[in-house]
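Q: Counting along the sequence shown from 1, when you hit position 265 you're at 265 in my numbering, and nothing is skipped either side.
Handing you this structure, nothing more for now.
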Amino acid sequence: MLTVSLPLEEPSENLISRFSAQQGFTVLASGGGEPLAHPYVPLARWSFIAVDPFLVFSFYPGAISIRPCPAGVDLSSDPLQTLENLLLRYKIEEAAPTPFPAGAVGFLSYELRTLVEKVPATGTDDLGLPHLRFCFYDAVLSIDHYEKRIWLTSTGLPFEGEARLARQQERIDTLLGLLRRQPASGRGVGAAAAAESPLFSSLSRPRYIKAIKQVKEYIAAGDVYQVNIAQRFSIQSAVEGFPLFGRLQRSNPSPFAAYLSGEGFTVVSSSPERFLHYDALAGIIHTRPIKGTRPRGANPHDDERLARELLASEKDHAEHVMIVDLERNDLGRIAATGSVHVPEFCVLETFPTVFHLTSTVEAVLPPGTGPAAILRATFPGGSITGAPKVRAMEIIDEIEPVARGIYTGAIGYLSFNGNIDLNIVIRTLVLSGGYVHFHVGGGIVADSDPEEEYQETLDKGLAFSRVLGLNMHEVIELESIR
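Right, here's the structure in full:
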């Protein structure tokens, strides 16, 4: 592996913009907080940029696609196991200066849940995005926001011998050449886009409120304790993805942001929530569920009042306990006996626009535990489904008219050295077919007020309304765009 280290001497958004026009461009960006301000788990330390993947893995219902497909790969097997087998083919043992020197970047759609649990999938999948998609990169530019350094790492994959050594140097030279360019003019900047059509929702206000009442009936009957219900908003727009990413990063910076694009779609994420982090060398995995939210105040006095209100809320605390227990059980399915513990519980975290309650659930994994086993045990995250998870997903499928797609799935990296870091896909825009789509939702429990829960979804959409020029209170029901 070749590595080059340089000082970070300008804003990371300038670096990102230099790469944005390249084939296969992707970025996993961290922001919205001091890199090591968190007392237990460092957040917002690393950002990663990659271009020109040497392989693209996709899974649509019933079909795996690998371009180009290496010899000997079985396309008829389970897609998660096929993905793991590909990662093992390119495994690197060398020590690296960053957690992600090379590997796969992509997403798992919420619809992938049918591979890990026996649950129905009857919602209209009108976007037709892959259920699983990862691009394989042999070289990565990493930004260490804490040390204020840039790292270039190049493995030369998928080649061997002399060709691999030549490829390593070629990729380093390419990254250095792109770094020396001027930032792409106008990319990632500009004012909010003007709304170009009415705002459509998959559930009208009366239907959303009816759905909440239906969930409360299931809770009263003892079927379930909590269910997360969401609606999807859509607007016709010709807005470009990367400028939108830049605006969203400035208005709502977050530690797990992402920009991805594929055949006919672009994903712009500003997620604050980590789904899974696995340190392969230490054998330690953790998840960091968020459950409990309040808006930031208009002044320091309001800020303090709202933070105290969230910490004192019995409802939010009860919801949080349920999800932490669920995550403990999920990790316990694969963890070394007795290793699951909760080093942080109900910690108040401050973001630019909201307060969140977050916990850390941690465990040790036995040697040889791979991504397929990890994801089968934990996916999708409990904080965005409900408890018990399987019954909650059944109710979600019954109530929500359109497939969630990437929403409440996961975005992140699977490194060739075994490390994993994935977010929970919330606060995320999908650009496809001349539309911009985003989901918002919330957890429903026994004492949820339907009107307040509906209003909360509109409040959560405000970050998007600012960058898209929307009025969240003028909504037309449209179950499907087809």
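Backbone N, C-alpha and C define an ideal beta-carbon position, used for all residues, glycine too.
1) So, are the CB atoms of Leu108 and Gly409 less than 8 Å apart?
2) Please confirm whether Gln226 and Gly386 have their CB atoms less than 8 Å apart.
3) Per DSSP, which residues does Pro7 bridge with? Please list them.
4) Going straight from the alpha carbon of Tyr218 to that of Ala363, what length do you get?
5) Have a look at Ile285, Arg274, Leu112 and Glu394 and flag the residue whose alpha-carbon is nearest the alpha-carbon of Ser339.
6) Just mark Glu111 as buried or exposed, buried being the case when its beta carbon has 16 or more other beta carbons within 10 Å.
7) Where do the N-terminal and C-terminal ends of the beta strand (DSSP E) with Val239 fall, by residue?
8) Using 10 angstroms around the beta-carbon of Gln249, count the other beta-carbons present and answer buried if the total reaches 16, otherwise exposed.
9) Is Ala363 helix, strand or coil when you go by DSSP?
10) Go ahead and pull the three-state DSSP assignment for Asp325.
11) Apart from the five residues just before and just after Ala96, which ones in its own chain have a Cβ nearer than 8 Å to its Cβ?
12) Considering only DSSP beta bridges, list what His286 is partnered with.
13) With distances taken between CB atoms, is the gap from Phe275 to Ile424 smaller than 8 Å?
14) Mind reading off the beta-carbon distance from Ser58 to Leu141? Whole number of angstroms is fine, and I expect it under 8 Å.
15) Pull up the CB-CB distance for Ala44 and Pro255, whole angstroms please, since I reckon it's below 8 Å.
16) Return yes when the Cβ of Ile444 is within less than 8 Å of the Cβ of Tyr212, no when it is not.
17) For Pro352, does the three-state DSSP call read helix, strand or coil?
18) Quick check on Arg247: does DSSP put it in helix, strand or coil?
19) Val378 lies in the alpha helix (DSSP H); which residues open and close that run?
20) At what residues does the beta strand (DSSP E) containing Ala29 begin and finish?
21) Taking the alpha helix (DSSP H) that Asp144 falls in, what are its first and last residues?
22) Just verifying my parser: in three-state terms, what is the DSSP assignment at Leu132?
23) Short check: CB of Glu84 to CB of Pro371, under 8 Å?
24) Per the contact definition of three or more C-beta pairs closer than 8 Å, is the stretch 306 to 320 in contact with the stretch 281 to 297?
25) Asp421 bridges to which residues according to DSSP?
26) Taking only three categories from DSSP, how would you classify Ser77?
27) For Tyr60, which residues does DSSP report across the bridge?
28) Are the beta-carbon atoms of Ile334 and Ile374 separated by less than 8 Å?
29) Can you give the Cα-Cα distance for Val347 and Ala166, rounded to whole angstroms?
30) Would you mind giving the Cβ-Cβ distance between Ala463 and Ser237, rounded to the nearest angstrom? I have them listed as a contact below 8 Å.
31) In terms of alpha-carbon separation, which member of Leu429, Arg89, Leu75 and Tyr90 lies closest to Glu240?
32) Determine which residues share a DSSP beta bridge with His317 and list them.
33) Got a sec, what are the start and stop residues for the alpha helix (DSSP H) Ser468 sits in?
34) Do Leu331 and Gly106 come within 8 Å of each other at the CB atom, strictly closer than that value?
35) Kindly give me the distance between the Cβ atoms of Arg247 and Val467, rounded to whole angstroms, as I take these residues to be in contact under 8 Å.
36) Check the DSSP bridge columns for Phe265 and list the partner residues they point to.
A: In brief:
1) yes
2) yes
3) The secondary-structure analysis by DSSP pairs Pro7 across a beta bridge with Arg149.
4) 32 Å
5) Ile285
6) buried
7) Bounds of any beta strand (DSSP E) do not take in Val239, whose DSSP letter is neither H nor E.
8) Gln249 comes out buried.
9) strand
10) In this structure, Asp325 counts as helix in the three-state DSSP scheme.
11) Non-local beta-carbon contacts of Ala96 in its own chain, meaning distances under 8 Å to residues more than five positions away in sequence, involve Met1, Thr3, Thr153 and Asn417 in chain order.
12) His277 and Glu362
13) yes
14) That pair is no contact at about 24 Å.
15) 4 Å
16) The amino acid occupying residue 212 in the given sequence is Ile; Tyr does not appear at that position. Cβ atoms of Ile212 and Ile444: closer than 8 Å.
17) coil
18) helix
19) Strictly speaking, residue 378 in this sequence is Thr, with Val absent from that position. Note, Thr378: alpha helix (DSSP H), Pro371 to Thr378.
20) Thr26 to Ala29
21) Note, Asp144: premise wrong, no alpha helix (DSSP H); beta strand (DSSP E) at Ala139 to Asp144.
22) strand
23) Contact flag set, yes.
24) yes
25) His277 and Tyr413
26) Residue state, collapsed to three classes: coil.
27) Paired residues: Ala63.
28) yes
29) 49 Å
30) In fact, because the Cβ distance is near 16 Å, the residues do not count as touching under 8 Å.
31) Leu429
32) By DSSP's assignment, His317 forms no beta bridge with any residue.
33) As written in the sequence, residue 468 is Leu, which differs from the Ser given in the question. Per DSSP, the continuous alpha helix (DSSP H) segment holding Leu468 begins and ends at Leu462 to Leu468.
34) no
35) 4 Å
36) Gly262 and Ser432
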